[in-house]
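A.B. asks: Quick note: the sequence shown uses this note's numbering, first residue 225, plus one each step. All C-beta atoms, glycine included, are put in the ideal place defined by N, C-alpha and C. Predicted model, so just to flag it, every value in this text is computed and none were measured.
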Amino acid sequence: MHRRKSSHKVINSILVLILVLIIGGGAYAAHRYRSVKDSINSSFKASGVTKQRNVSEQIKDKKPISVLLMGTDTGALDRTYKGRTDSMMVITLNPQNDKTTITSIPRDTAVSIPGFEGRSPSKINAAYAWGSSKTSIKTVQQMLNVPIDFYALINMGGMKKVIDEVDGVDVTPTLTFKYEGYTFKKGVKTHMNGAKALAYSRMRYDDPNNDYGRQTRQRAVLMALVKKSGSISTLMNQSFINSLSSQIQTDLTFDNLTSLAKNYRSADKTVKETHLQGHGKEIGGQDMEVMHKKELQRVTNFIRKGLDLKHADTGSAAIFTSTSDSSSSSSSSESSTTTNYGY
Numbered sequence: 225m226h227r228r229k230s231s232h233k234v235i236n237s238i239l240v241l242i243l244v245l246i247i248g249g250g251a252y253a254a255h256r257y258r259s260v261k262d263s264i265n266s267s268f269k270a271s272g273v274t275k276q277r278n279v280s281e282q283i284k285d286k287k288p289i290s291v292l293l294m295g296t297d298t299g300a301l302d303r304t305y306k307g308r309t310d311s312m313m314v315i316t317l318n319p320q321n322d323k324t325t326i327t328s329i330p331r332d333t334a335v336s337i338p339g340f341e342g343r344s345p346s347k348i349n350a351a352y353a354w355g356s357s358k359t360s361i362k363t364v365q366q367m368l369n370v371p372i373d374f375y376a377l378i379n380m381g382g383m384k385k386v387i388d389e390v391d392g393v394d395v396t397p398t399l400t401f402k403y404e405g406y407t408f409k410k411g412v413k414t415h416m417n418g419a420k421a422l423a424y425s426r427m428r429y430d431d432p433n434n435d436y437g438r439q440t441r442q443r444a445v446l447m448a449l450v451k452k453s454g455s456i457s458t459l460m461n462q463s464f465i466n467s468l469s470s471q472i473q474t475d476l477t478f479d480n481l482t483s484l485a486k487n488y489r490s491a492d493k494t495v496k497e498t499h500l501q502g503h504g505k506e507i508g509g510q511d512m513e514v515m516h517k518k519e520l521q522r523v524t525n526f527i528r529k530g531l532d533l534k535h536a537d538t539g540s541a542a543i544f545t546s547t548s549d550s551s552s553s554s555s556s557s558e559s560s561t562t563t564n565y566g567y
């Protein structure tokens, strides 16, 4: 049940972290509008990728769009930032049928990264380090044969300052563990400052669900921040707004975000979640996740259906096997939930 709870709120922990600066628009006086717009514009960074579709028309006509969400927890997120992504999800938003899909891609997925084929096979999380958002987008597009309309990069490491700006967040741990000097107890609601919340979201190797477990904890921290930042007093805090906007990069424009906030909220009503499931294999001295072609095709179908696109063969960037492997986990990892948000 916890996973379903977090999945139906994921758009509130992704886009709202970007949209929070405009969703509370009614709380702002006219003179505040300019500062909010300026803060959002400061987060804009073009990917450099030629869009596969006319994304402005997609949004104008309220048609399905996709967003590649990437998270990192290293360093400060400035215009020269480089680092490996710790999480990656493809989000589709479809206001025409009130549906959202969320597809998680393991950070260790074995791929041939476009433009860096000489280093193949590589882990997909290296795509951003080697070629920024442009290469990450190209890799996902070529791996799954799906269009990526926009991207959003969230710096989890920089969230420490943002969380401290709102005097901490309340999170209920999903398991008991110790990490970086902090102790977390399963089921016990805990008030966390920025450093503790970051430690909670970072731990990976002691989680029985490995990277998938960490992604769940990252979402929980982001959702707690969204809940806290939704208050009028917080939205009116320019220090908070500036701190938040400095930890996000996206090629969604202010006008794009305004349209999404106005016309795409109904996509939250039904949310389906899945993840790309492979099997561990050591390649070139590195532990990677190798995918089966059937599994890649399943995920391609899932995302394309979320975008109302016709069937197409999966892509070619992934390092895949064509036969099943006894070490592979089940790929039937799709879950869904239906929630009415009352917008």
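Taking the C-alpha atoms as reference points, what is the distance between Leu399 and Thr274?
C.D. replies: So the alpha carbons of these two residues sit roughly 43 Å apart.
A.B. asks: Can you check whether the CB of Thr363 is closer than 8 Å to the CB of Ile348?
C.D. replies: Yes, Cβ-Cβ distance for Ile348 and Thr363 is below 8 Å.
A.B. asks: From Ala423, Asp285, Gln439, pick the residue whose C-alpha is nearest to that of Leu382; which is it?
C.D. replies: Contrary to the premise, residue 382 reads as Gly rather than Leu in this sequence. Taking only the C-alpha atoms, the option nearest Gly382 is Ala423.
A.B. asks: His499 and Tyr436 look like a contact to me (Cβ under 8 Å); what is the Cβ gap, rounded to whole Å?
C.D. replies: Sure, about 6 Å apart at Cβ, within 8 Å.
A.B. asks: Which full runs of the alpha helix (DSSP H) of 4+ residues lie inside the region 362-400, going along the chain?
C.D. replies: Segments of the alpha helix (DSSP H) lying fully in the region 362-400: 383-389.
A.B. asks: Quick one: Cα of Phe374 to Cα of Gly342, how far?
C.D. replies: The alpha-carbon atoms of Phe374 and Gly342 are separated by roughly 27 Å.
A.B. asks: Pick helix, strand or coil for Phe340, following the three-state DSSP scheme.
C.D. replies: Coil.
A.B. asks: Classify Glu281 as helix, strand or coil using the three-state DSSP reduction.
C.D. replies: DSSP places Glu281 in helix when its eight states are reduced to three.
A.B. asks: Can you find at least 3 beta carbon pairs, one from the region 523-538 and one from the region 348-360, that sit closer than 8 Å?
C.D. replies: With a cut-off of 8 Å, the region 348-360 and the region 523-538 do not count as touching, because too few Cβ pairs lie within range.
A.B. asks: Could you check which residue in Arg258, Ser267, Asp262 has the C-alpha nearest to that of Ile472?
C.D. replies: It is Ser267 whose Cα lies nearest to the Cα of Ile472.
A.B. asks: Quick check: the Cα distance between Met512 and Arg258, rounded to an integer number of angstroms?
C.D. replies: Using only the alpha carbons, I get a separation of about 46 Å.
A.B. asks: What separation, rounded to the nearest whole angstrom, lies between the Cα atoms of Asn466 and Asp537?
C.D. replies: Cα-Cα distance, rounded: 43 Å.
A.B. asks: Do Pro397 and Lys410 have their CB atoms nearer than 8 Å?
C.D. replies: Yes, these two residues count as a Cβ contact at 8 Å.
A.B. asks: Please state whether DSSP places Met294 in a helix, a strand or coil.
C.D. replies: Three-state result, Met294: strand.
A.B. asks: With DSSP as the reference, label Leu317 as helix, strand or coil.
C.D. replies: If DSSP states are grouped into helix, strand and coil, Leu317 belongs with the strands.
A.B. asks: Report yes or no: do the region 499-508 and the region 279-296 share at least 3 C-beta pairs separated by less than 8 Å?
C.D. replies: No: fewer than three Cβ pairs fall under 8 Å.
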